[in-house]
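Order-wise, the sequence lines are chains S and D. Just so we're aligned, residue 730 is where the first sequence starts under our numbering, counting upward by one. Just so we're aligned, residue 1406 is where the second sequence starts under our numbering, counting upward by one. See structure below.
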Amino acid sequence: MIRTVNLSKIFRTELVETTALREINFEVRKGEFIAIMGPSGCGKSTLLNILGLLDHSNSGEYYFDGIEVSRFTEKQCTMLRKGTMGFVFQSFNLIDDLNVFENVELPLIALSIPRSDRRKKVDAILERMQIGHRRDHYPRQLSGGQQQRVAVARALITNPKLILADEPTGNLDSHNGEQVMQLLEQLNAEGTTIVMVTHSLNHADRAHRVVNLFDGQILAERTDRIFEPQQLS
Amino acid sequence: MLFRRFINDSLFSFINLTNLTVGFATFILLTQFIASMFSWDKHNENYERIYRVQLFQDQPENRVRHSSSITAALSRHELTKLPEIEKIVLMHDVGDNNKSGVFLSVDKKDQFLIRYGYYADQTVFDIFTFEFIEGVPQKALTEPFSVVLSRTVAQKLFPSGKALGKQIYGENKVVLTVSGVYEDMPEKSNWQPAFLIPMQSFTAFTGWSDYTENYWAYSFYTYVLLKPNADPANVDAQIHDALKDYRKEHYPYLRPMSMLYIKAYYQNDMLIALGLFSFIALLILVLSAINYINLQTANAITRFREIGIKKTLGFTKKQLWSQFILESVTLAFTGGVLGLILAHLMTPAFNRMIGINALTSIFSDWKLVLIMLGVSILTGFLSGIHPAFAISAFNPVTALKQKFIQEETNGITLKKILVTAQFSISLFLLIVSAIIYKQTAYMLTCDMGFESQNLLFANITTNGSGSFDALRQRLISHPEIADACQADYIPYILPGGNEMNWEGGDPEEKVFVRISHIGYDFVSTFQMNITTGRNFSREYPADLDKCLVNETAVRVFGWKDPIGKHIRTNNKNVEVIGVIRDYIVFSVHNPTEPHMYRLLPDSISTDKVYAVRYLPGHEKEAREIVRNEFERAFPLDAFEFRHIQSLIQNENAALAWQRLMKVSGFFALFSVIISSIGLFGLILFFSRHKMKEIGIRKVLGFSFTSLYYTMASSFIRLFIVSIFIAWPLSYFVYLYLPGAHKYGIQLGEFVLCTLITLAVAVATISYQIIKAVRTKAVEVLKDE
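This is the structure we're talking about:
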C-alpha cells in the first residue's frame, strides 16, 4: 500500500539546516499494523506527516497504492486524503467550538455526504466507540480517554484504508491507553492498515512490525507478529 | 523586555501603535477644532465684558426673529442711563456692506471697492482691542472727516510709504484724512472692519440728520462694555421694554461676545454640528480603544507559553496582571505621545484645509498635552484590563500545553460585543461623515431656486438719470449677453420688509413680508420660475400697482387661488398677478420668508443693483461689454461687477459650513483608516484563534472555499447585526442635522458606506484566512 524510495526531508531556517529524514526506504502492506519508535526529534512525526500528505519530502519517492504522490499539489493531496486516510493525534485536535457529534461529522461534510446519511453514520460510530451518550458535549467537558475516542471515531467515520496515529496514547493514562490500543487492534483485525508512532514499547509490541528511527534514519526493523495477508480474506 | 517584544512582533506592534497614534491625533485635532470654534474674538482684552445689543422680535410670522441691528435712538438715549454700562459704541455701515461697499481712491482714478467700512464712535477703541501701526487710538476718531484704515486697505491705497495724515476720496465725492492705521483684525474675529469713519460725520455723508431720535430705523449696531462685575441680566431687565412705545413686540437684550460666533441669534445649528463632532471625536477614541483591546487580546493568545512558565515559576496572578497592565499602559502612552506629535505635524495642513488658522501649535498648550497624556494612560489602563484578566487567570498547565485559548462562554459574548461594536462604530462613523458632508455640500450647492452661474452684478449709486431699458437693449444686442435686469435687491442681499394684512386674513393679524422692487426682466435674468399667473409685463402699464409674491407667502396667507387676491400695505391694496417659485433669499441657513415683489419703474436712479447674465464660456467678453456699456451709462460713478457666486460663498454661514464640510471629510477619511486597522486586528485575533480549527479542517480534507466560508460567515453574521445598529443611529443623526433646507437622504448612501466597510472587512478577512489556510496544517497542529 505504501512504499517510499530514498525519502528525505530537510528543515531550513536562516541559521540552521536540520535533516529530519535521511533516505528512508520503507514499505507498508495492506492490512499491516506498523509501529514507529525512536527518541524525541528522530523524525517519527515528520515521516507520519509525509505519509499522511500533510507535508512534502525534499527528495525521494512516495508511492501510495502504486501511485507516485510525493509531488502532488495541495489540492490533489486533499482529494486523496479525504476518505482514504484517518488521523489520530496525541493532543486529539478536536475543535473546541464544536460538540462531539459535530466534530465526528466534519470529515463527512468535507466529502459532501448528505445530512441524513451523516447522521446515521455518526450515530453508529459513536455507539461503537461507546460515547453515544456524550454526543452533545463539548471537548472540554470530556476526559482525555473520551476525547481520544471521539478523535478515533472522527478518523474512522469515512472508513479509511489507512489510519495514521501520532502517539495516540501519549496523553492518556494506562487504562484509557489500553482501551485505545484495543480499538486499534480491532480495527486492524477488520482490515484497516495502521501506522502508529509511539514511545511505549508495550504498545509497539502489539504491532506486526516495529520500525526504529534514529536521527532520521531507519536503524532496525523488528517483526513481532507474523503478518499474513491471507488473514484478510 | 517590553522593547524586545516590540521588536519581535513588529507588524503587530506597528498596527497597534498606528491605531493608537492615528486615533489620538484625530481626537486631538477634532477637540482642538471644536475648542477653537468657541474661542473667537478672544483677542479682545475686554472679551468677558463686551456685549452686543440685539433685538428679539416676537412676531409669529417673522422667521428671522433676532436682529443684530437696532435703532440709534435706543443706543443714544436708553442705554446711556444705565449705571452698569461703562462704554457704548454706536456704529453704522458705510454704504451697505451687505450689498457691496464703497469706492476709495487716492487720486479719483484708481478706485478700490472696499467692503466692511463702519461709522463708529471714538469709544470703539475703548471697547475693542485695536493694534495701531500709525497714529494713536486716543484721538483717531475725534476729528470730523477723518478715517482710520486697516493695514490691508492702507497698503492698497498707499503701497509705498505712510498713510497717516494723507487724504483719500470716498466715492469721488468726499475727502477724508487718514488719522491712523491699525493691524488687521485676527482671523478669529467676528468683526472685521476695513476702515472706520467718525460717527459725527454720519449726517454730513448721509444727509440723515435726526437719526439719533429715530426709533424705527434698524440699521445701527451697538456694542457695550459692562463695568467689572456688572450683571448683564440687570441690563436686560432694564432695556427689555425700552421700545414699547414704538414697536410693542420688539425687545432689546445683550448678547455676550463669547456667543457671537457660535450662537449669536439662538440658532442651534452650529452647536448641534459641533456637538455631533464632539460625539464623533469621542467615538473615534472609543473605536481606537476597542481596536486596542482586540489587538492586545489577540496578541495575548500567542503568549500562553510565557504565562504557563511564569506561573510555574511562582508568579502570582496579580504579578502577571500588573505586568500586562504595565505593558498596555506603556504602549498606549507611547501612542499618546506619537499622537500629539502627529497632531502637531498635521496642524498646518488642517488649518490650510479649513482656510483659517483655527488651531494653534499643539505643544504650546501644556494643559492639552497633559490632558491628552492622561487620556492615553487611562485608555491603556482600561483597554488593558480585559486582556490582562483573560491571560493572567489562565491555568498554568493548560497554558503550557495549549497553544490556543479555550473558548469560554462569557468570553464569546464579550468578544462578540467588541466585534459588533467595532463594526457598528466604523459603519456609523462612515455614514454620519457622509451625511454631514452631503448636507454641508448641499447647503452650499443646492438648487437655490435661481441659476447662480454666469451672472454678474454690481451695485451702483448715482445722481444720474435715464432709461434702463435703453441700456438693456444695448447690452442684449451683444450675442454674448443673454439678459439683464435692475432691482433694488437680488438673492443673497436681504431686503427689508413690512407688516402686512392680506385678503381673507384677520384684519388684526399682520405678517412680516419682505419687499423687493424688480424690473420686468428680473425673473428671466435670474431664471426663476413663475408657478401661477404671470410676470410683470411691459404691455400692462397698470402693473406698477400690482405685485408678485413667492410660494411661501401664498402658503402663509392660506390662499388656494392667489391670482387676483390683495395684500394691504401702506394703506393700499395691491393685487397679486403671479407667484414666483421659492428661492433662497438670503442663506441656506434660513427658512424662506413671505416675499412681495413690486415693479420698478424704468429709470436709472439712486441706489440699484444691476444683474447681467452672459452665455456660458463668454465671461471675458461679457465683462468687457458690461464695463463699456455701464461706463457709458454711468460716467461719473464707480462700480465693479462681481459674480453672484462670490456673494453666496462669502456669506458667513456658508463659510462656517464649508469648514464643517471639510472637517467632516477629514473625519470620514480617518474613521476609515482607524476602522481598517481595527478590522485587521480583529481578524488577526480571530484567525490566530482559529488557526487550529483551520488546521484540523484541512487535515480532514476541507476545500479552500468551504474553509473560507466557515471562517468568514461568523464575521458576516456580526456585520449584519451591526448594520441594524448603525443604520437607525445614522438616520437619527440625519433627522437632527442642522439646516433649514435639508438634502434628501438616499438609501444608496447607506448601502455604499456599508459596502465600503464590508469591502474593507472582506479584504482583511480574506488576507488573514488565505494566510491561515496557506499555512501547513502540520505547523499548526504540531505537538511540542
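Glycine residues also receive a C-beta, built at the ideal position from the N, C-alpha and C atoms.
Within a 10 Å sphere around the beta-carbon of Arg2003(D) sit 16 or more other beta-carbons, which makes this residue buried. Scanning chain D for C-beta atoms nearer than 9 Å to the C-beta of Ile824(S) yields Lys2097, Glu2098, Ile2101, Arg2102, reported in chain order.
A Cβ of chain S is located within less than 7 Å of the beta carbon of Phe2107(D).
The Cβ of Lys738(S) sits no closer than 7 Å to any Cβ of chain D.
Asn832(S) is classed as buried because its beta carbon has at least 16 other beta carbons within 10 Å across all chains shown. The beta carbon of Phe2046(D) sits closer than 6 Å to those of Leu1861, Ala1863, Val2031, all from its chain and outside the five residues before and after it, given in chain order. Using a CB distance below 7 Å, the part of the stretch 800-811 of chain S facing chain D consists of Thr807, Arg810, Lys811, ordered along the chain.
Going by beta carbons, Glu1489(D) and Asn1639(D) fall inside the 7 Å limit. Under the 7 Å criterion on CB atoms, Ala839(S) is classed as interfacial with respect to chain D. The stretch 924-932 of chain S makes contact with the stretch 762-770 of chain S, as at least three CB pairs between them are under 8 Å. The contact set of Leu780(S) on chain D, defined by CB atoms closer than 7 Å, is empty, because the minimum CB distance reaches about 12 Å. Between Ser1781(D) and Phe1729(D), the CB-CB gap reaches or exceeds 7 Å. Residues of the same chain with a CB within less than 7 Å of the CB of Gly1760(D), apart from the 5 flanking positions on each side, are Arg2064 in chain order. In summary, Thr1866(D) is buried, with 16 or more beta-carbon neighbours lying within 10 Å of its beta-carbon over all protein chains present. By the 16-neighbour rule on beta-carbons within 10 angstroms, Tyr1945(D) is exposed. Only residues of its own chain outside the window of five on either side were considered, and among them Arg1470, Glu1654, His1655, Tyr1656 have a CB closer than 8 Å to the CB of Asp1463(D), listed in chain order. The C-alpha of Arg1919(D) lies about 15 Å from the C-alpha of Tyr1623(D).
For His1749(D), there is no enclosing beta strand (DSSP E); the residue is part of the alpha helix (DSSP H) that begins and ends at 1722-1759. Straight-line spacing of the CA atoms in Gly1983(D) and Ile1968(D) works out to 6 Å. Distance from the CA of Asp1446(D) to the CA of Gly1575(D), rounded to the nearest whole angstrom, comes to 29 Å. In the structure shown, Ser1551(D) falls within a strand segment according to DSSP collapsed to helix, strand and coil. Taking the CA atoms as reference points, Glu2098(D) sits about 14 Å from Phe818(S). The Cβ-Cβ distance between Ile731(S) and Gly815(S) does not fall below 7 Å. Taking 7 Å as the threshold, the shortest C-beta distance from Phe816(S) to chain D falls below it. If you look at Gly874(S), you'll find it isn't in any beta strand (DSSP E); it sits in the alpha helix (DSSP H) that goes 873-885. Rounded to whole angstroms, the separation of the alpha carbons of Leu837(S) and Ile886(S) is 7 Å.
Phe1429(D) has its alpha-carbon roughly 15 Å from the corresponding atom of Thr1735(D). Among the residues of chain D, those whose CB is under 8 Å from the CB of Pro836(S) are Leu2105, Gly2106, following chain order.
Cβ-Cβ distances below 6 Å link Ile2161(D) to nothing in the same chain once the five nearest sequence neighbours on each side are left out. For Met766(S), the secondary structure class from DSSP, reduced to helix, strand or coil, is strand. Per DSSP, the unbroken alpha helix (DSSP H) holding Ser2171(D) starts and ends at 2152-2179. In the structure shown, the three-state DSSP call for Arg751(S) is strand. Distance from the Cα of Leu1688(D) is smallest, within the candidate group Ser2080(D), Gly1854(D), Tyr2136(D), for Ser2080(D).
When Leu1487(D), Arg1457(D), Ile1836(D), Glu1536(D) are compared, the shortest CA-CA separation from Leu2163(D) is found for Ile1836(D).
The C-alpha of Ile1840(D) is placed about 40 Å away from the C-alpha of Gly1924(D).
Contiguous alpha helix (DSSP H) elements confined to the stretch 1429-1486 of chain D do not occur, taking only those with 4 or more residues.
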